[in-house]
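Participant: Residue numbers for the sequence shown, in this note's numbering: 258 to 487. Dropping the structure in here first, questions after.
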Amino acid sequence: MSREPRVRDVPWIPPELADEDGFVGIGGDLGPRMLLRAYSEGVFPWFNEGDPILWWSPNPRAIFELADHPNGTPGYGGLHVSHRLARTIRSGKFRVTVNQCFATVMQSCGENREGGTWVTPDMLAAYTEMNRLGHAHSVETWVGDELAGGIYGLAIGGVFAAESMFYRVTDGSKVALAALVARLRERGFALLDVQMKTPHTTRLGATNISRTDYLKRLREAVAMTGISFG
């Protein structure tokens, strides 16, 4: 007896079938259930204002190793913390907070971007709701009472999917990233996904892994229990 093919109730195809650009689907919505399903399958939305929702799963995938790594800085996994940045962190110049101004961090990540921004009103509303529900988080850095930088993303099981970061003061985003890595290590996370390498994240130690390897590690990390970003 033949089996009926499984009907997927999501607008994307399995990530293994993505095209060479990593495109996997179009449409759907940005509700919490859809976003949690997407990130747990290695898929994320990325589109400009006025465009339909586009879903992606690039190959290779960029990550920061959270376990101790020979190319990283002790205490920071695969993240490369330069001597100068380490001195800045130790100096106490920056004050670090968590989830103090999520929406502002997200909006700031979309400012001054040539060719449009992916932080559309719909995206901002969707991820702010995810923050309210405890799924999305931000790490902020401050100099005095002035926001200096930040990073935000989603946490599911033992994976943190970082979306973007920004700075207004030199090193503001780097200190936020270092604080994020330290927090994830302390709380037992297994995977820090940064989607695609950039020259900036490459200098900081991001590495590419194949989609096959990423999806295997993602499934293992998502299944982890007792992990909380806090």
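From the three backbone atoms N, C-alpha and C, an ideal C-beta is built for every residue, glycine too. In this text the structure is predicted, and so the values were computed from the model without any measurement.
#1: Is the region 399-418 in contact with the region 303-310, if contact means three or more CB pairs nearer than 8 angstroms?
#2: Is the region 333-353 touching the region 426-442 in the sense that three or more CB pairs, one from each, lie closer than 8 angstroms?
#3: Given that a residue counts as buried once 16 or more other Cβ atoms are within 10 Å of its Cβ, and exposed if not, what is G415?
#4: In chain order, what residues of the same chain lie with their CB nearer than 6 angstroms to the CB of G445, ignoring the 5 residues before and after it?
#5: Apart from the five residues on each side of it in sequence, which residues of its chain come closer than 8 angstroms, Cβ to Cβ, to S430?
#6: I need the straight-line Cα distance from M380 to L287, nearest angstrom please.
#7: Identify the residues that DSSP records as bridge partners of E397: which are they?
#8: Along the alpha helix (DSSP H) that carries L449, what are the first and last residues, could you check?
#9: Can you say whether L274 is buried or exposed, counting buried as having 16 or more other CB atoms within 10 angstroms of its CB?
#10: Would you call G372 buried or exposed, if buried means 16 or more other Cβ atoms sit within 10 Å of its Cβ?
#11: Scan the region 304-361 and note each continuous alpha helix (DSSP H) run of 4 residues or more that stays entirely inside, going in chain order.
#12: Is R344 buried or exposed, if buried means 16 or more other CB atoms sit within 10 Å of its CB?
Facilitator: The structure says:
#1: no
#2: yes
#3: Residue 415 sits at position 158 when you count from the first residue of the sequence shown. Buried, since its Cβ has 16 or more Cβ neighbours within 10 Å.
#4: Position 188 of the sequence shown, counted from the first residue, corresponds to residue 445. Once the five neighbours on either side are set aside, the close Cβ partners of G445 are I484.
#5: Residue 430 sits at position 173 when you count from the first residue of the sequence shown. Closer than 8 angstroms at the Cβ level, and outside the excluded window around S430, lie T398, G406, G407, I408, M422, F423, Y424.
#6: Along the sequence shown, one-based indexing puts residue 380 at 123. Along the sequence shown, one-based indexing puts residue 287 at 30. Each residue's Cα considered, the two are about 7 angstroms apart.
#7: For this step, residue 397 is matched to residue 140 along the sequence shown. Beta-bridge pairing links E397 to T354, G407.
#8: Position 192 of the sequence shown holds residue 449. Premise fails: L449 lies in the beta strand (DSSP E), 448-452, not in any alpha helix (DSSP H).
#9: Here residue 274 refers to the residue found at position 17 when the sequence shown is read from its first residue. Exposed, by the Cβ-count rule.
#10: The residue given as residue 372 occupies position 115 in the sequence shown. At G372 the pLDDT is 49, less than 50, meaning the model places this residue with poor confidence and gives no usable figure here.
#11: 340-348
#12: Along the sequence shown, read from residue 1 onward, the residue named residue 344 stands at position 87. By the 10 Å Cβ count, R344 comes out exposed.
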